[in-house]
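A.B. asks: Right, I'll just put the structure down here and ask away after.
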Amino acid sequence: MATSGTLSTFRLPPLPTIREIIKLFRLQAAKQLSQNFLLDLKLTDKIVRKAGNLTDAYVYEVGPGPGGITRSILNANVAELLVVEKDSRFIPGLQMLSDAAPGKLKIVHGDVLTFKIERAFPESLKRQWEDDPPNIHIIGNLPFNVSTPLIIKWLENVSCRDGPFVYGRTRMTLTFQKEVAERLTANTGSKQRSRLSVMAQYLCDVQHILTIPGQAFVPKPEVDVGVVRFTPLVRPRIEQPFKLVEKVVQNAFQFRRKYCYRGLGMLFPEIQRVESTGKLLELADVDPTLQPSQLSVSHFKSLCDVYRKMCDEDPHLFAYNFREELRKKKSKNQGKEDAKERERL
Ligand code: SAM
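Going left to right, the sequence shown walks through residues 51 to 395 as this note's numbering numbers them.
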């Protein structure tokens with residue numbers, strides 16, 4: 051593999067176009083797998099430029115497909131590029147790129163959701179969390195049904211400083227359905243403000259850096275695409291376990307159009323709901339009549355800190371799930387109805 055510190059500029063030799071590669075290897079997009087390809091290398095160059103300075107960087111590209119973004123990354127003078135692609139049809143085309151960039155491109159036929167990146171790059175790249183980010187970047191244009199669960203998983207990794215973040219504050223540049231990109235970056239009070247906004251923004255600096263019209267893809271998806279860049283924060287804005295923050299945020303957004311006390315109330319068993327919700331909001335100094343979208347990350351910080359104390363005082367509280375209580379109540383009521391019916395017969 052190439053070592054870092056090289057001064058010469060690398061350019062790929064002339065190659066067949068991505069369109070020709072698709073024809074040559076019969077890479078028709080599998081619609082059911084939401085495969086939409088970027089064929090315009092000016093556009094892929096732009097995405098890669100927006101990811102930051104990649105000189106001598108170690109890059110992890112997820113879902114390279116026919117290799118448009120892959121080419122732009124290789125032309126950005128990186129030290130090494132590791133790609134993980136699930137669909138075996140793309141491997142020969144990627145192999146051709148690897149031959150054109152000797153020692154730079156490492157191909158893994160695998161699934162990004164399970165691939166362990168933590169030992170793939172040299173130990174020497176590791177940085178302290180408080181230092182500048184390591185020279186490692188994650189870049190990817192994945193199907194929308196993969197990118198959202200993946201970012202949730204990676205946000206949890208940021209909070210635990212494991213997975214791709216064993217190297218430090220690894221930066222990520224990923225594509226999402228435009229609407230999801232807007233949710234990820236939505237400010238307090240905006241229409242798009244959601245669970246995803248709070249979960250991303252308490253852990254990362256999140257920037258919607260580019261919008262790509264749907265017609266730039268082949269085949270054209272029904273929606274436009276947003277490119278989002280994430281840089282993990284030195285200090286998360288909420289210092290509580292990821293699962294606890296996720297639970298508070300998820301419950302708060304349960305009833306989007308109602309006052310926030312409605313959703314937050316679902317954190318507590320029905321028998322103590324009114325009293326405990328009042329206590330939570332009072333100690334956190336949060337106005338119960340704010341809507342979920344009006345809650346800032348610092349409101350969530352206070353709510354999570356108080357909820358944590360309440361969980362420490364009541365060891366059963368964190369495991370409480372209002373859906374479970376509802377389900378039990380329903381089946382108990384059903385049991386009573388059935389008994390009455392039997393008596394009548
Ligand atoms: N990056 C290419 C581009 O921009 O033209 C391809 C984009 S296409 C939307 C998504 C790619 O991700 C496909 O090549 C698909 O096979 C791959 N992919 C989908 N799910 C994956 C997974 N779980 N792990 C690795 N690759 C995946």
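C-beta: ideal position from N, C-alpha, C; glycine also.
1. Determine the closest residue to PRO193 out of VAL128, ILE186, GLY276, with distance taken between C-alpha atoms.
2. For PHE280, list the residues DSSP reports as bridge partners.
3. Taking the alpha carbon of LEU205 as the point to measure from, which residue in SER343, SER244, PRO286, ASN383 has its own alpha carbon closest?
4. Does ligand 1 have even one heavy atom less than 7 Å from the beta-carbon of VAL264?
5. Could you give the DSSP three-state label for ALA52: helix, strand or coil?
6. Work out the CA separation of ALA80 and ASP274 for me, nearest whole Å.
7. What number of angstroms, rounded off, separates the C-alpha of GLN265 from the C-alpha of PHE87?
8. Would you list the one or two residues that DSSP bridges to LYS156?
9. Can we say the stretch 293-303 touches the stretch 223-235, given the rule of at least three CB pairs closer than 8 Å?
10. What is the residue span of the beta strand (DSSP E) that ILE321 lies within?
11. Tell me whether GLN227 sits in a helix, a strand or coil according to DSSP, three-state version.
12. Measuring alpha carbon to alpha carbon, tell me which residue in TYR311, ARG306, ARG323, LEU333 is nearest SER343.
13. For the beta strand (DSSP E) holding GLY190, just list the boundary residues, first then last.
14. Taking all protein chains shown into account, decide if GLY313 is buried (16 or more other Cβ within 10 angstroms of its Cβ) or exposed.
15. Between the beta-carbon of LEU91 and the beta-carbon of GLY118, is there less than 8 Å?
16. If contacts are defined as beta-carbon pairs under 8 Å, then VAL158 and GLY113 qualify, I think. What distance do you get, rounded to the angstrom?
17. Ends of the beta strand (DSSP E) at GLU111?
18. If we call anything under 8 Å between Cβ atoms a contact, is ILE167 one with TYR110?
19. When the Cα atoms are used, what is the spatial distance from LEU62 to GLU135?
20. Do PRO172 and ARG219 have their C-beta atoms closer together than 8 Å?
C.D. replies: According to the structure data:
1. Cα-wise, what sits closest to PRO193 is GLY276.
2. MET222, VAL256
3. PRO286
4. Looking at the sequence itself, residue 264 is Gly, so the reference to Val does not match. For ligand 1, not one heavy atom lies less than 7 Å from the Cβ of GLY264.
5. With a pLDDT of only 44 at ALA52, under 50, the local geometry of the prediction cannot be trusted, and the value read off the model is given with reservation. Here ALA52 sits in coil by DSSP.
6. 19 Å
7. Near 11 Å, if we compare the C-alpha coordinates of PHE87 and GLN265.
8. LEU132
9. no
10. Careful: ILE321 lies outside any beta strand (DSSP E) and carries neither H nor E.
11. strand
12. ARG306
13. From DSSP, the beta strand (DSSP E) with GLY190 extends over 186-190.
14. buried
15. yes
16. So it is not a contact: roughly 12 Å between Cβ atoms.
17. 108-112
18. yes
19. 21 Å
20. no
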